[in-house]
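*Asks:* Sharing a structure here in structure tokens format.
Number of protein chains: 2
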Amino acid sequence: MGRTEVVTIRDVARECGYSASTVSIVLNGAPLSRYIPGDTKGRIETAAKRLGYRPNPLARSLRSQRSNIVGVMVIDITDPFCTPILRGLENALYDANYLSLITDAHNEPNRFERYLEMLLDRRVEGLVVVANWLVTDIKLLADLTECRVPTVIAGRSFENHSVSTVSVDNENGASMALEHLYRLGHRDIAFLRGPKALSSSGQRWKGIRAFAQSAKLQLDSRKILELPESLDPNSSFEAGARLTGELLRQEKGFTALVAYDDMTALGALRALKKKGLRVPDDCSVIGFDDVAQARLSVPSLTTVRQPMEAMGTLSAGMVLDAIKAMDEKQDVPLVRRKIPAELVVRESTRALK
Amino acid sequence: MGRTEVVTIRDVARECGYSASTVSIVLNGAPLSRYIPGDTKGRIETAAKRLGYRPNPLARSLRSQRSNIVGVMVIDITDPFCTPILRGLENALYDANYLSLITDAHNEPNRFERYLEMLLDRRVEGLVVVANWLVTDIKLLADLTECRVPTVIAGRSFENHSVSTVSVDNENGASMALEHLYRLGHRDIAFLRGPKALSSSGQRWKGIRAFAQSAKLQLDSRKILELPESLDPNSSFEAGARLTGELLRQEKGFTALVAYDDMTALGALRALKKKGLRVPDDCSVIGFDDVAQARLSVPSLTTVRQPMEAMGTLSAGMVLDAIKAMDEKQDVPLVRRKIPAELVVRESTRALK
DNA sequence: AGCCTTTATAAAATCGGTTGACGATAGGGT
DNA sequence: ACCCTATCGTCAACCGATTTTATAAAGGCT
Numbered sequence: 018m019g020r021t022e023v024v025t026i027r028d029v030a031r032e033c034g035y036s037a038s039t040v041s042i043v044l045n046g047a048p049l050s051r052y053i054p055g056d057t058k059g060r061i062e063t064a065a066k067r068l069g070y071r072p073n074p075l076a077r078s079l080r081s082q083r084s085n086i087v088g089v090m091v092i093d094i095t096d097p098f099c100t101p102i103l104r105g106l107e108n109a110l111y112d113a114n115y116l117s118l119i120t121d122a123h124n125e126p127n128r129f130e131r132y133l134e135m136l137l138d139r140r141v142e143g144l145v146v147v148a149n150w151l152v153t154d155i156k157l158l159a160d161l162t163e164c165r166v167p168t169v170i171a172g173r174s175f176e177n178h179s180v181s182t183v184s185v186d187n188e189n190g191a192s193m194a195l196e197h198l199y200r201l202g203h204r205d206i207a208f209l210r211g212p213k214a215l216s217s218s219g220q221r222w223k224g225i226r227a228f229a230q231s232a233k234l235q236l237d238s239r240k241i242l243e244l245p246e247s248l249d250p251n252s253s254f255e256a257g258a259r260l261t262g263e264l265l266r267q268e269k270g271f272t273a274l275v276a277y278d279d280m281t282a283l284g285a286l287r288a289l290k291k292k293g294l295r296v297p298d299d300c301s302v303i304g305f306d307d308v309a310q311a312r313l314s315v316p317s318l319t320t321v322r323q324p325m326e327a328m329g330t331l332s333a334g335m336v337l338d339a340i341k342a343m344d345e346k347q348d349v350p351l352v353r354r355k356i357p358a359e360l361v362v363r364e365s366t367r368a369l370k
Numbered sequence: 018m019g020r021t022e023v024v025t026i027r028d029v030a031r032e033c034g035y036s037a038s039t040v041s042i043v044l045n046g047a048p049l050s051r052y053i054p055g056d057t058k059g060r061i062e063t064a065a066k067r068l069g070y071r072p073n074p075l076a077r078s079l080r081s082q083r084s085n086i087v088g089v090m091v092i093d094i095t096d097p098f099c100t101p102i103l104r105g106l107e108n109a110l111y112d113a114n115y116l117s118l119i120t121d122a123h124n125e126p127n128r129f130e131r132y133l134e135m136l137l138d139r140r141v142e143g144l145v146v147v148a149n150w151l152v153t154d155i156k157l158l159a160d161l162t163e164c165r166v167p168t169v170i171a172g173r174s175f176e177n178h179s180v181s182t183v184s185v186d187n188e189n190g191a192s193m194a195l196e197h198l199y200r201l202g203h204r205d206i207a208f209l210r211g212p213k214a215l216s217s218s219g220q221r222w223k224g225i226r227a228f229a230q231s232a233k234l235q236l237d238s239r240k241i242l243e244l245p246e247s248l249d250p251n252s253s254f255e256a257g258a259r260l261t262g263e264l265l266r267q268e269k270g271f272t273a274l275v276a277y278d279d280m281t282a283l284g285a286l287r288a289l290k291k292k293g294l295r296v297p298d299d300c301s302v303i304g305f306d307d308v309a310q311a312r313l314s315v316p317s318l319t320t321v322r323q324p325m326e327a328m329g330t331l332s333a334g335m336v337l338d339a340i341k342a343m344d345e346k347q348d349v350p351l352v353r354r355k356i357p358a359e360l361v362v363r364e365s366t367r368a369l370k
């Protein structure tokens, strides 16, 4: 059977002898279809099936003002942190019969803006921004909230903006990391803090301090270094290696190291190895995120896991809820969801001998 | 200035006192605009700008039968091999003013099929399939070629199907890998071949044999193991570790190991470390692909690089060319592009002492 | 003067659906 | 006999553009 010529609703109407309106009403189960007898419905449906009718989504969206599309803006798709979120997101949207229109801002505000406009042009019904890293421009966020589509930001929290967010509980997660080392007997612990510009850095550090205080653990400020700001998510690997080198040079010993994130931790592993130190025998290392490579390194990395796929799923749910609420003209609540981190113990940490 | 109410072409027409047709003709530089004097054009353009007019792509596509969208089907977006291709792809399409509609088949033929239909429904003008791994169903490929949109497969070659493809020169790449080890003085070399079902396995092995023959190097079949088939791209890590363990148990020594791909090689690193062997001091390891984590491992991995971003760019170019050709009713040539691999020497290989 | 071409713009058809208003018939109630 | 309502559909408008065709005036040519 040829598939070259496109079948329209009028073809179906002609085939079964009803009008296009009736076909539309039946095929969509519109309210009016209540009055249409079953055998009519049957005839229409079989005709549609026989012809292989597939409604043109463009025409449909144009008329009904519903695109069945959720826009997804990824700040940087090559960031290993993003893809699992994307996976969860796409999964949930797919199940809800929404198509996700994925755009990659490439870490560039220009692209972000241009894609944002494209998405709005295409009448996306909702928007999810997958942002781990980029210190997103305030102006862009304003753009977001100004426009009428419900928006969720996945992967970061923005305390002082009125945007719904889904993020991990950084504070508690970092606290867990330190607690893990503490319980293993470590007392001389070095830290590689995240760049100040990232809100997660502050949150994680707060968790560190909270645990230290509760355990009466002294933090030695000479063993605390801070990563420089950067847009490139991979740069923290180099920075982690470099700063770990610095820590090692300054004679103040430490038996464990808490890294801001996994990339930093992997950098640390490299620097330690270079100095001839064995992990975890001579020094334990813990990361944060649980990106894919954490499992693969030698030694595999103990880390605090962000349940990224779940965050994606959750974000999708929130945006879908908001869409539904808008539909029913209820007002859309602002939601800030923090989801718990999980400690994943692997090979890079060990009890102090 | 409010942005809430949507500006249509009729609003612009009203604003500047011309008809919607004229506005459309001018704004698109349609052939008829030849006859429209400059000041009229100016008035129309300023009116459009003043109102912030943005044409509705849905309406436009519906009428003009051009979506300005290229569908991108990723077999598995969590595969680190895919994202760089995606990056190149999206970049090139963006520059050509095409939007890429990215779908993730999740390694599931069902999804593949459903998304494929969605893409065709949405009237994508072209299609790029990013397939590294999945032994794509012949039937699906048939679906592709049957439909009228030009298609390019990026990342794999299909010798005996009439689909355009972009893939790396596996044969030469594998040959380079072996040559590298040979030049470093290695003669006792173990191999972890890829699963037979993947065409790239055969190609790479052909390259291995070709170099071995030209260098009069004997391949010891007891040191050649083959990865099992699997859909999960991460599984080759575990398999690599396991098979390396097997190699090590069988007393036949080797000073270097050629892995099918980077994941396998990373698995090998782990197994070697576990046996107390140092890389590269006791054994050199080389991978294939140059995924992101290759740079990050300790030791960093020497590998044969697939220029993935370039492959993406190239695929985009090919699909755009095909679209243009179709436009002009020329027939679309079938293109199979093989692009050269590059040896990337890092820490995991070293000259035999 | 009559006709053709070029110039400048508008009206109308079209893309492929959805949707609100309306028509026609039949049965029920008063 | 008259109105009302439930049932089963259709008509025509509409979504917001693009594109084809039409119109009208001006200029050029014989």
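Here the protein sequences line up with chains A and B, keeping their order. If you read the first sequence in my numbering, its first letter stands for residue 18, the second for the next number, and so on. If you read the second sequence in my numbering, its first letter stands for residue 18, the second for the next number, and so on. Ideal placement from N, C-alpha and C gives every residue a C-beta, glycine not left out.
By the three-class DSSP mapping on this structure, what secondary structure does LEU360(B) have?
*Replies:* Strand.
*Asks:* Tell me, please, which residues DSSP counts as bridged to ALA276(B).
*Replies:* ALA276(B) pairs with LEU209(B).
*Asks:* Quick one: which unbroken beta strand (DSSP E) runs of 3-plus residues sit fully inside the segment 57-128 of chain B? Chain order, please.
*Replies:* With a minimum length of 3 residues, the continuous beta strand (DSSP E) runs that stay inside the segment 57-128 of chain B are 86-91, 116-121.
*Asks:* Mind checking which residues open and close the alpha helix (DSSP H) that includes SER41(B)?
*Replies:* Element bounds for SER41(B): 37-45.
*Asks:* Note the first and the last residue of the continuous alpha helix (DSSP H) segment covering LEU266(A).
*Replies:* For the sequence presented, residue 266(A) should be read as Arg rather than Leu. Its alpha helix (DSSP H) spans residues 252-266.
*Asks:* Return the chain-ordered list of same chain residues with a C-beta closer than 7 Å to the C-beta of SER38(B), the five sequence neighbours on each side being excluded.
*Replies:* For SER38(B), where only same-chain residues beyond five positions count, there are no Cβ hits under 7 Å.
*Asks:* Identify, in the order they occur along the chain, each residue of the same chain with its Cβ nearer than 7 Å to the Cβ of SER117(A), setting aside the five sequence neighbours on each side.
*Replies:* If we look at SER117(A) and ignore the five residues flanking it on each side, its Cβ neighbours are VAL87, VAL89, LEU106, GLU107, LEU110.
*Asks:* Report yes if the C-beta distance between ILE61(B) and LEU44(B) is below 9 Å; otherwise report no.
*Replies:* Against a cut-off of 9 Å, the Cβ pair of LEU44(B) and ILE61(B) comes out as a contact.
*Asks:* For ALA171(B), report the span of its beta strand (DSSP E) as first-last.
*Replies:* Segment 168-171, the beta strand (DSSP E) holding ALA171(B).
*Asks:* Please report whether the beta-carbon of TYR111(B) lies at a distance below 9 Å from any beta-carbon of chain A.
*Replies:* Closer than 9 Å to some Cβ of chain A, the Cβ of TYR111(B) qualifies, so yes.
*Asks:* Check whether the segment 92-103 of chain A and the segment 64-72 of chain A touch, using three or more Cβ-Cβ pairs below 8 Å as the test.
*Replies:* Segments in contact, no.
*Asks:* For the candidate residues ARG71(A), VAL141(A), THR25(A), whose alpha-carbon lies nearest to that of ILE340(A)?
*Replies:* Checking every option, the nearest Cα to that of ILE340(A) belongs to VAL141(A).
*Asks:* Please return the same chain residues whose Cβ sits closer than 6 Å to the Cβ of SER192(A), not counting the five positions on each side in sequence.
*Replies:* These residues qualify, in order along the chain: GLY224, ALA227, PHE228.
*Asks:* SER314(B) by DSSP, collapsed to three states: which one?
*Replies:* DSSP places SER314(B) in coil when its eight states are reduced to three.
*Asks:* Can you tell me whether DSSP reads ILE303(B) as helix, strand or coil?
*Replies:* Correct three-state label for ILE303(B): strand.
*Asks:* Run through chain A and tell me which residues come within less than 7 Å of PRO48(B), C-beta to C-beta.
*Replies:* Simply none; closest approach about 24 Å.
*Asks:* Apart from the five residues just before and just after ARG261(A), which ones in its own chain have a Cβ nearer than 6 Å to its Cβ?
*Replies:* In the sequence under discussion, the amino acid at residue 261(A) is Thr, which differs from the Arg named in the question. Same-chain partners within the cutoff: ALA285, ALA288.
*Asks:* Please work out which residues of its chain come closer than 6 Å, Cβ to Cβ, to ALA309(B), disregarding the five sequence neighbours upstream and downstream, and give them in chain order.
*Replies:* Taken in chain order, the residues that qualify are PRO97.
*Asks:* For ALA282(B), collect the residues of the same chain with a Cβ closer than 6 Å to its Cβ; drop the 5 residues on either side in sequence, then sort them by chain order.
*Replies:* Closer than 6 Å at the Cβ level, and outside the excluded window around ALA282(B), lie ALA276, VAL302, GLY304, LEU318.
*Asks:* For ASN177(A), count neighbouring C-beta atoms within 10 Å of its own C-beta (all shown protein chains included) and say buried if the count is 16 or more, exposed if not.
*Replies:* Flag for ASN177(A) reads exposed.
*Asks:* Apart from the five residues on each side of it in sequence, which residues of its chain come closer than 7 Å, Cβ to Cβ, to ARG312(A)?
*Replies:* Contacts found: none.
*Asks:* Using beta carbons (cut-off 9 Å, strictly below), is PHE305(A) in contact with chain B?
*Replies:* Chain B contact via Cβ: absent.
*Asks:* For VAL23(A), does the count of other Cβ atoms within 10 angstroms reach 16, so buried, or fall short, so exposed?
*Replies:* So VAL23(A) counts as exposed.
*Asks:* Secondary structure at LEU369(B), three-state DSSP: helix, strand or coil?
*Replies:* Here LEU369(B) sits in coil by DSSP.
*Asks:* If you reduce the DSSP assignment to three classes, tell me which class THR182(A) lands in.
*Replies:* Strand.
*Asks:* Apart from the five residues just before and just after SER332(A), which ones in its own chain have a Cβ nearer than 7 Å to its Cβ?
*Replies:* Excluding positions up to five away in sequence, the list reads LEU106, VAL145, VAL169, ALA171, VAL183.
*Asks:* Let me know if VAL321(B) comes out buried or exposed under the rule of 16 or more other beta-carbons within 10 Å of its beta-carbon.
*Replies:* Counting Cβ neighbours within 10 Å, VAL321(B) comes out buried, since at least 16 surround it.
*Asks:* How many angstroms separate the CA atom of LEU351(B) from the CA atom of ALA232(B)?
*Replies:* Cα-Cα distance, rounded: 36 Å.
*Asks:* What is the C-beta distance between CYS300(B) and ALA258(B), in whole angstroms, given that I count them as a contact (C-beta under 8 Å)?
*Replies:* The pair is not a contact, with the Cβ atoms about 14 Å apart (cut-off 8 Å).
*Asks:* Give me the subset of the segment 247-264 of chain B whose CB atoms are less than 8 Å from a CB atom of chain A, sorted by chain position.
*Replies:* Here the close residues are ASN251, PHE254.
*Asks:* Name the residues in the segment 71-83 of chain A whose C-beta lies less than 9 Å from a C-beta of chain B; which are they?
*Replies:* Residues passing the 9 Å Cβ filter: ARG71, PRO72, ASN73, PRO74, LEU75, ALA76, SER78, LEU79.
*Asks:* Note down, in chain order, every chain B residue with its Cβ under 7 Å from the Cβ of THR366(A).
*Replies:* Correct list: empty, because the minimum Cβ distance to chain B is about 16 Å.
*Asks:* Indicate the three-state DSSP secondary structure (helix, strand or coil) for LYS355(A) in the structure shown.
*Replies:* Here LYS355(A) sits in strand by DSSP.
*Asks:* Tell me where the beta strand (DSSP E) around VAL336(B) begins and ends.
*Replies:* Per DSSP, VAL336(B) belongs to no beta strand (DSSP E); it is in the alpha helix (DSSP H), 325-344.
*Asks:* Taking its Cβ as the centre, do 16 or more other Cβ atoms sit within 10 Å of ALA47(A), making it buried, or is it exposed?
*Replies:* That one is exposed.
*Asks:* Since GLU188(A) contacts ARG221(A) with CB under 8 Å, what's their CB separation in whole angstroms?
*Replies:* Contact holds; Cβ gap of about 7 Å.
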